[in-house]
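Counted the way the working numbering counts, the sequence shown spans residues 8 to 325.
By construction, the Cβ of each residue, glycine as well, lies at the ideal position given by its N, Cα and C atoms.
Structure first, then comments.
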Amino acid sequence: MQDGLENLDEDLSGLKPAEWKARMAALAEEHGMFQPLGSRHFATFIDQGNTLLVTFETMQGIHNLSDLAQPLGFDLVKNLGWSHMCVVSDGDTWFRDSGIYGFFDQLIDDGFFDEFDNVIFYGAGPCGYAAAAYSVAAPGAVVVAVQPQATLDPRMTEWDDRFAEMRRLSFTDRYGYAPDMLDAADQAYVIYDPQERLDAMHASLFARKNVTRLRAMHMGDAVQTRLIEMEMLYHILSLAGSRKLTGGAFYKLFRSRRNNSFFLRNLLGRLEREDRPYLMALMCRNVTERMRAPRFRRRLRELEQRAEEGGFTFPPKR
């Protein structure tokens with residue numbers, strides 16, 4: 008851990024929202040800055056190294072994803088010596104608020120982002136939208152967005168019926184259409200599961216020369232959670248900070264899905280729906296040879312019996 012950052016290990020879980028926000032403010036002010044941004048948003052800044060990670064997170068997501076109820080960037084601050092700005096919302100707001108527009112306007116006027124050698128913007132879902140949209144404030148930044156929406160403007164995405172209650176928000180004024188806001192980025196990465204139809208449709212709107220779309224098959228509708236489970240997210244952001252994140256590097260890390268129970272169940276479910284017993288047998292045998300997996304062992308026995316009854320030819324052992 009970097010010297011002087013020991014209190015960033017503080018356990019903030021179990022605190023009531025007001026207490027948690029107060030402790031976040033105290034930690035941020037000790038190491039950098041705390042900025043209220045209206046009733047539903049605030050920003051923290053931890054001033055350390057020449058690489059800046061800007062994350063967009065919700066209070067609820069922070070508590071659900073971190074055992075210590077800390078923002079995602081704290082680990083990178085502590086372990087890599089990065090600086091970290093976290094823009095936090097209470098609930099999913101897509102960060103569409105004039106106070107946030109003004110905050111980023113002021114950062115631009117102050118030349119804040121020019122003080123860093125590398126800037127990375129990160130977010131997932133509504134926060135992924137914000138990471139892409141506000142990255143325009145730091146030309147040359149790297150953006151990592153997981154399952155981002157391009158916009159909720161019904162004139163553009165009327166096919167997305169998941170967030171109907173948010174359609175009164177304006178996505179056509181400042182920092183509006185996320186794919187256009189990426190034009191100033193050095194490189195952007197959009198991570199999504201192409202089998203999640205609406206996520207894939209949004210991802211298609213991000214087609215740009217400087218955007219790499221990374222397909223995370225069978226990760227479902229909570230890709231960020233799966234990346235954290237597989238201990239991938241930290242490495243993805245670390246690679247982005249050193250400008251070494253590529254499709255090849257991502258898919259090398261993505262091999263860890265072979266040990267992720269959600270991925271394995273999801274893949275088995277697809278093979279079952281498509282009634283592909285030969286592939287199911289190969290998969291179940293591979294999983295049971297590597298892991299303690301009662302569900303896959305039971306399925307393997309069922310497939311062996313089905314093969315003995317002439318249902319299909321069981322794959323030979325290597």
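Less than 9 angstroms between the beta carbons of residue i and residue j, yes or no?
{"i": "Val-153", "j": "Leu-252", "result": "no"}
{"i": "Ala-145", "j": "Val-61", "result": "yes"}
{"i": "Arg-103", "j": "Phe-213", "result": "no"}
{"i": "Leu-176", "j": "Trp-101", "result": "yes"}
{"i": "Asp-56", "j": "Tyr-129", "result": "One point to set straight first is that residue 56 is Gly, not Asp, in the sequence displayed. The answer is no: Cβ separation not under 9 angstroms."}
{"i": "His-225", "j": "Leu-260", "result": "no"}
{"i": "Ser-105", "j": "Ser-20", "result": "no"}
{"i": "Phe-123", "j": "Leu-44", "result": "no"}
For residue i, I'd like the list of residues in its chain whose CB is within less than 8 angstroms of its CB, leaving aside the five on either flank, ordered along the chain.
{"i": "Pro-207", "result": "The sequence given here has Ala at residue 207, not Pro. So the qualifying residues of the chain are Tyr-199, Asp-200, Pro-201."}
{"i": "Arg-299", "result": "none"}
{"i": "Leu-22", "result": "Arg-30, Ala-76"}
{"i": "Arg-1", "result": "A question about residue 1 goes unanswered here, because the residues of the chain that appear run from 8 up to 325."}
{"i": "Gly-318", "result": "Pro-284"}
Alpha carbon to alpha carbon, how far is residue i from residue j?
{"i": "Ala-140", "j": "Phe-110", "result": "14 angstroms"}
{"i": "Ala-138", "j": "Gln-156", "result": "11 angstroms"}
{"i": "Cys-134", "j": "Glu-36", "result": "24 angstroms"}
{"i": "Val-230", "j": "Gln-194", "result": "21 angstroms"}
{"i": "Gln-312", "j": "Ser-268", "result": "25 angstroms"}
{"i": "Ala-191", "j": "Phe-257", "result": "23 angstroms"}
{"i": "Gly-227", "j": "Asn-14", "result": "36 angstroms"}
{"i": "Ile-235", "j": "Gly-68", "result": "12 angstroms"}
{"i": "Tyr-108", "j": "Glu-279", "result": "48 angstroms"}
Suppose the cutoff is 7 angstroms on Cβ atoms and the five residues either side in sequence are ignored; what does the same chain contact list for residue i look like?
{"i": "Gly-254", "result": "Thr-219, Leu-221"}
{"i": "Arg-325", "result": "none"}
{"i": "Arg-181", "result": "Tyr-108"}
{"i": "Pro-24", "result": "Met-66"}
So residue i and residue j are in contact, right, with Cβ under 8 angstroms, and what is the actual spacing, rounded?
{"i": "Arg-264", "j": "Met-287", "result": "Not confirmed; about 17 angstroms, so no contact."}
{"i": "Leu-151", "j": "Leu-271", "result": "Before going on, a small fix: residue 151 reads as Val here, not Leu. Actually they do not touch by this definition, with Cβ atoms about 25 angstroms apart."}
{"i": "His-38", "j": "Asp-16", "result": "Not a contact, Cβ separation roughly 13 angstroms."}
{"i": "Cys-93", "j": "Thr-51", "result": "5 angstroms"}
{"i": "Arg-169", "j": "Leu-205", "result": "6 angstroms"}
{"i": "Leu-289", "j": "Pro-323", "result": "The pair is not a contact, with the Cβ atoms about 10 angstroms apart (cut-off 8 angstroms)."}
{"i": "Val-95", "j": "Phe-49", "result": "6 angstroms"}
What does a CB cutoff of less than 6 angstroms around residue i pick up in its chain, not counting 5 residues either side in sequence?
{"i": "Ser-46", "result": "none"}
{"i": "Asp-97", "result": "Arg-47, Met-66"}
{"i": "Val-326", "result": "Lying outside 8 to 325, the shown extent of the chain, residue 326 is not represented and no answer is given."}
{"i": "Arg-302", "result": "none"}
{"i": "His-209", "result": "Gln-156, Ala-157"}
{"i": "Phe-120", "result": "Val-126, Ala-145"}
On the DSSP bridge list, what partners appear for residue i?
{"i": "His-48", "result": "Ser-96"}
{"i": "Gln-67", "result": "Beta-bridge pairing links Gln-67 to no other residue."}
{"i": "Met-31", "result": "According to DSSP, which records beta bridges pairwise, Met-31 is partnered with nothing at all."}
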